[in-house]
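**Q** One structure follows; several queries about it will come next.
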Amino acid sequence: MPPIIKIIEEPLKLLGQHAVECVIIGGVAATLYGSTILANDLDVCYARNAENLARLATALQSVNAKLRNVPPDLPFILDAETLRRGLNFTFTTDAGSLDLLGEVRGVGFYEQAISGAITYELFGYSFPVLEIQKLILAKRAAGRAKDMVSLPELEAIRERQLQDLSAEDKRQT
Amino acid sequence: MSVESEDYFLNPPPGSAAARAVEFGIDLTLTLENLRLTPEERIRKLDEFILSVARLKASARILGPRDAADNQNN
Chain S
12 MPPIIKIIEE PLKLLGQHAV ECVIIGGVAA TLYGSTILAN DLDVCYARNA ENLARLATAL
72 QSVNAKLRNV PPDLPFILDA ETLRRGLNFT FTTDAGSLDL LGEVRGVGFY EQAISGAITY
132 ELFGYSFPVL EIQKLILAKR AAGRAKDMVS LPELEAIRER QLQDLSAEDK RQT
Chain A
1281 MSVESEDYFL NPPPGSAAAR AVEFGIDLTL TLENLRLTPE ERIRKLDEFI LSVARLKASA
1341 RILGPRDAAD NQNN
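Chains S and A supply the protein sequences, listed in that same order.
Numbered by my numbering, the letters in the first sequence go through residues 12 to 184 in order.
Numbered by my numbering, the letters in the second sequence go through residues 1281 to 1354 in order.
In structure tokens form, the structure reads like this:
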């Protein structure tokens, strides 16, 4: 297998190609908002309806997805039913690492994550990205050192976004 | 990006979130650089950085204290 050189771009394209309903969260969402904090993999919150689970399972099968950090002999059948029975999964795939969250701490499920999400056009596909205020809430709720370190910069970016929106409103009135 | 936005990150107003970020140790000039990029460029830059770190890790040799001292002397 050739080395993966687009750790974030390839999994994004995979999800786009299979029209998986998901919201970009975590460090990649922070990067898209301009944060300099580094992400190591792609985290998404996915919709748990039957059609989407089937699309997700097909996408994961196409890149030989395997659960990360589990014993190699752990039985795991990658299909929509398995995804339905679980909630949060961490995969390693031929297209890079991919973390799938059914629920985001501090935010909720896909329905809460998609609400207010900002759509970005990336590599020919449209992806909803968790609203920056919810991203801040999620990172605060996660409470890990790496999340807390990212907060001051995200809060500065958010404050500036709000000021830009306010200025835009004033121009229009 | 507006002049006001650039100024916000380069000269954070006292009491602002940007001022608190600088106090925390964030270099907002790097944030500004990111904000000047398109979203796709931000992802590509992240990918390049991840790859660079992986290559660096793969090429690094761990030197013991004596080796490190020898290297510094050479």
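For every residue, glycine included, the Cβ atom is placed at its ideal position computed from N, Cα and C.
Is the beta carbon of alanine 68/S closer than 8 angstroms to that of leucine 26/S?
**A** Along the first sequence, read from residue 1 onward, the residue named residue 26/S stands at position 15. Along the first sequence, read from residue 1 onward, the residue named residue 68/S stands at position 57. Not in contact: leucine 26/S and alanine 68/S (Cβ atoms no closer than 8 angstroms).
**Q** Put aspartate 175/S into one of helix, strand or coil per three-state DSSP.
**A** Locating residue 175/S in the first sequence gives position 164, counting from the first residue. Reduced to three states, the DSSP call for aspartate 175/S is helix.
**Q** Just curious, the beta strand (DSSP E) that glutamate 132/S is in, first and last residue?
**A** Here the question's residue 132/S lines up with position 121 in the first sequence. Taken as a continuous stretch (DSSP letters only), the beta strand (DSSP E) holding glutamate 132/S covers 129-133.
**Q** DSSP on serine 1285/A, reduced to helix/strand/coil?
**A** Reading the second sequence from its first residue, position 5 is the one you call residue 1285/A. Serine 1285/A: helix per DSSP, three-state reduction.
**Q** Would you report the Cα separation of isoleucine 115/S and glycine 154/S, rounded to the nearest angstrom?
**A** Taking the first residue of the first sequence as 1, we reach residue 115/S at position 104. Taking the first residue of the first sequence as 1, we reach residue 154/S at position 143. It is valine, not isoleucine, that sits at residue 115/S in the sequence shown. Their backbone Cα atoms lie some 13 angstroms apart in a straight line.
**Q** Is the CB-CB distance between alanine 1298/A and tyrosine 1288/A below 8 angstroms?
**A** Here residue 1298/A corresponds to residue number 18 of the second sequence, with the count starting at 1. Here residue 1288/A corresponds to residue number 8 of the second sequence, with the count starting at 1. It is a contact, given that the beta carbons lie within the stated cut-off.
**Q** So, helix, strand or coil for isoleucine 1330/A, using DSSP?
**A** To locate residue 1330/A, count along the second sequence from 1; it is residue 50. Helix.
**Q** Beta-carbon within less than 8 angstroms of phenylalanine 102/S's beta-carbon, same chain only, minus the 5 sequence neighbours each way: which residues are those?
**A** For this step, residue 102/S is matched to residue 91 along the first sequence. Only Leu71, Ala76, Lys77, Leu78, Arg79, Ser108, Leu109, Asp110, Leu111 meet the Cβ criterion.
**Q** Can you tell me where the beta strand (DSSP E) with phenylalanine 102/S in it begins and where it stops?
**A** Looking up residue 102/S in the first sequence gives position 91. Looking at the DSSP string, the run of the beta strand (DSSP E) that includes phenylalanine 102/S is 100-104.
**Q** So which residues of chain A does proline 139/S contact, with C-beta pairs closer than 8 angstroms?
**A** Here residue 139/S corresponds to residue number 128 of the first sequence, with the count starting at 1. By Cβ distance, chain A contributes nothing, its closest Cβ being about 13 angstroms from proline 139/S, past 8 angstroms.
**Q** If I'm right that glycine 117/S touches alanine 65/S with Cβ under 8 angstroms, what's the distance once you round it to whole angstroms?
**A** Counting from one through the first sequence, the residue named residue 117/S turns up at place 106. Counting from one through the first sequence, the residue named residue 65/S turns up at place 54. The Cβ separation is near 29 angstroms, so there is no contact.
**Q** Step through the CB atoms of chain S and report whether any lies within less than 8 angstroms of the CB of arginine 1341/A.
**A** Taking the second sequence and counting its residues from 1, one reaches residue 1341/A at position 61. No, arginine 1341/A lies away from the interface with chain S (no Cβ there is under 8 angstroms from its Cβ).
**Q** Give me whichever residues DSSP pairs with tyrosine 121/S in a beta bridge.
**A** For this step, residue 121/S is matched to residue 110 along the first sequence. In the DSSP output, where bridge partners are listed per residue, tyrosine 121/S has none listed.
**Q** Mind pulling the chain S residues with CB within less than 9 angstroms of glutamate 1320/A?
**A** Taking the second sequence and counting its residues from 1, the one referred to as residue 1320/A is at position 40. In chain order: Glu20, Tyr131, Glu132, Leu133, Phe134.
**Q** Going by DSSP in three states, aspartate 1307/A sits in which element: helix, strand or coil?
**A** Taking the second sequence and counting its residues from 1, one reaches residue 1307/A at position 27. Coil.
**Q** On a CA-only basis, which of Ala152/S, Asp158/S, Ile143/S is nearest glutamate 170/S? Give me that one, please.
**A** Translated into the one-based positions of the first sequence, residue 170/S becomes position 159. Of Ala152/S, Asp158/S, Ile143/S, the residue nearest in Cα terms is Ile143/S.
**Q** Tell me, please, whether the CB atom of isoleucine 36/S is closer than 8 angstroms to any CB atom in chain A?
**A** Residue mapping note: residue 36/S aligns to position 25 of the first sequence, counting from 1. With 8 angstroms as the cut-off, isoleucine 36/S does not count as an interface residue toward chain A.
**Q** With burial defined as no fewer than 16 other Cβ atoms inside 10 Å of the residue's Cβ, what is the status of glycine 37/S: buried or exposed?
**A** Position 26 of the first sequence, counted from the start, is the residue given in the question as residue 37/S. Buried.
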